[in-house]
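Line order of the protein sequences matches chains H and C.
Under my numbering, think of the first position of the first sequence as 140, with each following residue one higher.
Under my numbering, think of the first position of the second sequence as 688, with each following residue one higher.
We put the beta carbon where it would ideally sit given N, CA and C, even for glycine.
Input: a single structure, listed below in structure tokens.
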Amino acid sequence: MSDFVWTNSTSEDQASMKRIGRWLIRNPPVFTLILIVLVSVTIGAIAPEFWQVSNIFDMARASVVTGLFGLGFLVILAAGGIDLSFTAIAALMMYWITTAVAASAPWMPMPVILVIAALGGTIIGIGNGLLVHYLRAPALIVTIGTSYVIRGFLLTFIGTELFVNIPLPIEEFGKFELWRVQTDTGSIAILPAYVLMLVAAAVVTWWILNRTLMGRAIFAIGGNTSIAERLGYDARKVQVFVFAFSGFLAGIAGMLHVSANRIANPFDLVGTELTVIAAVVLGGARITGGGGSVLGTILGVVLITLVNNVLILAGIPSTWQTFVVGCFIVLAGAVFGTRKSA
Amino acid sequence: MDRQLNFLVALNALVLVAAVAIAGQNFINIYNLQSMATQIPELGLLAIGVTLAMISGNGGIDLSGIAVANLAGIVSALLVPMMVSPDELPMAYAFVFAGVCLVVGLACGLVNGLLISRAGLTPIIATLGTSLAFTGVSVVLTNGSGVRLGYIEPLDNFIHTPILGVPICFAVFLGIAIAIGASLRFAPFGMRLYMLGSNAKAARFAGFNQKRLLMTAYTLSSVLASVAGFIIAARISSVKWDYGTSYVLIAILIAVMAGVRPTGGYGKITCVVLSASALQMLSSMFNFLNISNFFRDFAWGLLLLIFLAVSRFDFRTLLSPQTKPGG
């Protein structure tokens, strides 16, 4: 008898487990949030300095550039594309504009510089979108090609040297404080104002995806291109828009990177694509398109920043970082990426 | 389609003539030809791996090739000296080295294959993730630094000593390429793979085991990458986790230049080999001209885009511009 009851209760348990699992898959940000909480609590227990204000501010600072990239990547992914060239765009804009401004207009105010960088990124992004549309090849392959063209152009024709003579407005912008906290130990933790750029970008992205016709078109094209086209959505317009938007954010991200680090290194940024992809996929965006949310992406970025930051605090050598990020991509792909579960 | 073959033969001839015109007679002396032949196998093998993945269709691609190659080389370089002394038994050392490489490649390939065929991950995300994970293992094993092998005669001979004028590693590469080309063309494996890539639904109704087919394709791809890893280790007699960062791009470029369809269902190994040789000659020409690596990346990226455009606008679309390719 007891045997029977025991089996019965497991099958009930299994059923409820399944229900929870299905609910989690339908609400991917919750899964990401649970992971964040788990990682934070574990690390907080091992290394209490994790909860220090300065550490949290550091992580907020570190997540800005990844976050901007991630939002751009999310929009492209939602439309069923993929992009590996955004870091190359950011690196080009960062180095080219910084050196050009330093050489000819060091007085130029930061907002103008940001607009120029965003415009430059947008133009390259439009090029990406047109190529992806007209070559009718997988976006992955096209953007691998453009990323090498962009980066090769930067390193061949613009320069390869570390540039430290950053124009004053760019440097000042990075120092602008949003919040200053005096900690118990007497040290000062500063939250820079440029983190607001990420907040603004997140709001704009959310608005585009959820409150505009373009957002509808993006999800429709990402869900099923041929059906969406028959419904009257213009695939070319959507593709050009998403790549342009990603380029726009990448341009801004590049300038913020200079502002934050007060140094322009043409070899920076490129190589972080995979971290960004990991963040977005961890945030529950489906790699096959038609899904994904801004909240999820931001949580994914937080999680990745946390992992990168936390490995060191937990005493795990930083050499493990690549391995862990790789496993996270596979894990997220297995949880959210399969067609069957959706 | 023999047009692609003719085009590639013409391309090879064109690059050769251009190189001789620019770099002079030195370009076609036996030493330079042999040196080029020793460099083709690693890229060629990675490109064949990418080709197999692409043929299988449904967004098939293998981005983990160079990561597998580096991991195979690193594991062998760390493990094999503990088992066999390179000074006392150099021949045995070389064979065990190759064996360990293949085992690592097989293991990595099984991981890729399982993720894609059983767990149902899209090939892009699966191989992106595993390429990071494999690279991560390489970094952890070596602490981020390189491992020197030193001079080991059989390994060096494998690369540099020609038999009848042909370097052994190149002959091995040709042998592998012929074997895979033949199995694609004549064996059920190839027929089924092309079928899966061109029409997955029809392939399902044909009733063969698709999962096992995908598994085989991706495992084979990684095993080929591990052979490339062995050749790299033997050629430069050291291994490092970040060797050949642009090989992913170049392998894809070779495949696309060879006319392999990125959306699946078409691709010929003969064309891949010819495409690899054209690219190698171009690269050697750049060497003669002292062109920087950065410009080379620029040129490879541009070439990739150009060849995507060329394969898109073929004769048939020019002759009948009304027919729109299905989305």
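On a CA-only basis, which of C:Ile811, C:Ala890, C:Val787 and C:Phe782 is nearest Gly752 of chain C? Give me that one, please. Residue mapping note: residue 752 of chain C aligns to position 65 of the second sequence, counting from 1. Checking every option, the nearest Cα to that of Gly752 of chain C belongs to C:Ile811.
Hey, is the region 439 to 450 of chain H in contact with the region 252 to 265 of chain H, meaning 3+ C-beta pairs nearer than 8 Å? no
Around the C-beta of Ala418 of chain H, are 16 or more other C-beta atoms found within 10 angstroms, so that it is buried, or is it exposed? Residue 418 of chain H sits at position 279 when you count from the first residue of the first sequence. Buried, since its Cβ has 16 or more Cβ neighbours within 10 Å.
Drop a sphere of 10 angstroms on the beta-carbon of Ser998 of chain C, count the other beta-carbons inside from all chains shown, and report buried for 16 or more, exposed for fewer. One-based indexing of the second sequence puts residue 998 of chain C at position 311. It counts as buried.
Distance between Leu270 of chain H and Ser224 of chain H (C-alpha atoms, nearest Å): Walking along the first sequence from the start, residue 224 of chain H turns up at place 85. Walking along the first sequence from the start, residue 270 of chain H turns up at place 131. Straight-line Cα distance between these residues: approximately 13 Å.
Looking only at its chain, what residues have a beta carbon closer than 7 Å to the beta carbon of Leu815 of chain C, apart from the 5 residues adjacent to it on each side? Position 128 of the second sequence, counted from the start, is the residue given in the question as residue 815 of chain C. Leu750, listed in sequence order.
When you compare the region 191 to 209 of chain H with the region 395 to 406 of chain H, are there three or more beta-carbon pairs, one atom per stretch, that lie closer than 8 Å? yes
Val959 of chain C, DSSP secondary structure in three states: As a working note, residue 959 of chain C is residue 272 in the second sequence. If DSSP states are grouped into helix, strand and coil, Val959 of chain C belongs with the helices.
List, from N- to C-terminal side, the alpha helix (DSSP H) runs of 4 residues or more that fit wholly inside the region 272 to 336 of chain H. 278 to 292 and 307 to 314
Who are the neighbours of Trp459 of chain H on chain C, taking C-beta pairs under 9 Å? Along the first sequence, read from residue 1 onward, the residue named residue 459 of chain H stands at position 320. Per Cβ cutoff of 9 Å: Gly823, Val826 and Val827.
Within 8 Å of chain H by C-beta, residues of the region 827 to 860 of chain C in sequence order: Val827, Asn830 and Gly831
Ordered along the chain, which non-local residues of its own chain (more than five positions away) have a Cβ less than 8 Å from that of Leu976 of chain C? Along the second sequence, one-based indexing puts residue 976 of chain C at 289. Taken in chain order, the residues that qualify are Ile709 and Ala710.
Gly746 of chain C: contacting residues in chain H (beta-carbon distance under 7 Å): Translated into the one-based positions of the second sequence, residue 746 of chain C becomes position 59. Going along chain H in sequence order, the residues near Gly746 of chain C (Cβ under 7 Å) are Pro277.
Rounded to a whole number of angstroms, what is the C-alpha to C-alpha distance between Ile939 of chain C and Gly831 of chain C? Within the second sequence, residue 939 of chain C is the residue found at index 252, counting from 1. Within the second sequence, residue 831 of chain C is the residue found at index 144, counting from 1. Using only the alpha carbons, I get a separation of about 26 Å.
List the DSSP bridge partners of Ser926 of chain C. Position 239 of the second sequence, counting from 1, holds the residue named residue 926 of chain C. Looking at the sequence shown, residue 926 of chain C is not Ser but Val. In DSSP, Val926 of chain C forms a bridge with C:Val834.
Can you pull the chain C neighbours of Phe292 of chain H, defined as C-beta to C-beta under 8 Å? By 1-based counting over the first sequence, the position of residue 292 of chain H is 153. Here the neighbours are Phe985.
Please decide whether Phe471 of chain H counts as near chain C, where near means a Cβ-Cβ distance under 9 Å. Reading the first sequence from its first residue, position 332 is the one you call residue 471 of chain H. The amino acid occupying residue 471 of chain H in the given sequence is Ala; Phe does not appear at that position. At least one chain C Cβ lies under 9 Å of Ala471 of chain H.
Leaving out five residues before and five after Gly354 of chain H in sequence, what residues of the same chain have Cβ atoms less than 6 Å from its Cβ? Counted from its first residue, the first sequence places residue 354 of chain H at position 215. Hits under 6 Å: Ile347 and Leu348.
In terms of DSSP beta bridges, what is Pro849 of chain C paired with? Your numbering for residue 849 of chain C matches position 162 in the second sequence. DSSP, once it has assigned bridges, lists C:Pro854 as partnering Pro849 of chain C.
List the residues of chain H whose Cβ lies closer than 9 Å to the Cβ of Phe782 of chain C, in chain order. Your numbering for residue 782 of chain C matches position 95 in the second sequence. Those within 9 Å of Phe782 of chain C in chain H number zero; the least Cβ separation is about 30 Å.
How should Thr932 of chain C be labelled, buried or exposed, when 16 other C-beta atoms within 10 angstroms of its C-beta is the threshold for buried? The sequence position of residue 932 of chain C within the second sequence is 245, counting from 1. Result: exposed.
Alpha-carbon to alpha-carbon, Gly209 of chain H and Val469 of chain H: Residue numbering aside, residue 469 of chain H sits at position 330 when the first sequence is read from its first letter. Residue numbering aside, residue 209 of chain H sits at position 70 when the first sequence is read from its first letter. Cα-Cα distance, rounded: 18 Å.
Mapping DSSP to helix, strand and coil, what is Ala403 of chain H? Numbered from 1 along the first sequence, position 264 holds the residue referred to as residue 403 of chain H. Looking at Ala403 of chain H - three-state DSSP - the assignment turns out to be strand.
Any C-beta of chain H sitting closer than 9 Å to the C-beta of Arg891 of chain C? As a first step, residue 891 of chain C must be located in the second sequence, where it is residue number 204. So, not an interface residue.
Gly211 of chain H and Leu434 of chain H closer than 9 Å at C-beta: Reading the first sequence from its first residue, position 72 is the one you call residue 211 of chain H. Reading the first sequence from its first residue, position 295 is the one you call residue 434 of chain H. Against a cut-off of 9 Å, the Cβ pair of Leu434 of chain H and Gly211 of chain H comes out as no contact.
So within the region 688 to 728 of chain C, which uninterrupted alpha helix (DSSP H) runs reach at least 4 residues, ignoring any that extend past its ends? 689 to 710
Can you give me the Cβ contacts of Gln460 of chain H inside the same chain, cut-off strictly under 7 Å, excluding the 5 residues immediately before and after it? Here the question's residue 460 of chain H lines up with position 321 in the first sequence. Only Asn447 and Leu450 meet the Cβ criterion.
Is there a Cβ of chain H sitting closer than 9 Å to that of Val696 of chain C, yes or no? As a working mapping, residue 696 of chain C is identified with position 9 in the second sequence. No, Val696 of chain C does not count as interfacial toward chain H.
Within 9 Å of any Cβ in chain H, is that where the Cβ of Ile812 of chain C sits? The residue labelled residue 812 of chain C in the question sits at position 125 within the second sequence. For Ile812 of chain C, the answer is yes, since a Cβ of chain H falls inside 9 Å of its Cβ.
Which of the residues in the region 292 to 325 of chain H, read from start to end, lie with their CB under 9 Å from any CB of chain C? Phe292, Leu293, Leu294, Thr295, Phe296 and Thr299
Rounded straight-line distance, which links the Cα of Val320 of chain H to that of Gln378 of chain H: The residue given as residue 378 of chain H occupies position 239 in the first sequence. The residue given as residue 320 of chain H occupies position 181 in the first sequence. One C-alpha to the other measures close to 44 Å.
Contacts that Ile742 of chain C makes with chain H (C-beta to C-beta distance below 8 Å): Working through the second sequence from its first residue, we reach residue 742 of chain C at position 55. The premise fails here: Ile742 of chain C is roughly 14 Å from chain H at the closest Cβ pair, so nothing lies under 8 Å.
Which same chain residues, not among the five before or five after Phe189 of chain H, have their C-beta less than 6 Å away from its C-beta? By 1-based counting over the first sequence, the position of residue 189 of chain H is 50. So the qualifying residues of the chain are Ile182, Gly183 and Leu452.
According to DSSP, is Ala424 of chain H helix, strand or coil? Locating residue 424 of chain H in the first sequence gives position 285, where the first residue counts as 1. DSSP places Ala424 of chain H in coil when its eight states are reduced to three.
Identify which residue in H:Gln153, H:Gly465, H:Leu213 and H:Ala359 has its Cα closest to the Cα of Ser385 of chain H. To locate residue 385 of chain H, count along the first sequence from 1; it is residue 246. Considering only alpha carbons, the answer is H:Leu213.
Please say whether Leu739 of chain C and Ser880 of chain C have beta carbons closer to each other than 9 Å? Residue 880 of chain C sits at position 193 when you count from the first residue of the second sequence. Residue 739 of chain C sits at position 52 when you count from the first residue of the second sequence. Per the sequence presented here, residue 880 of chain C reads as Leu, with Ser not at that position. Yes. Within cutoff.
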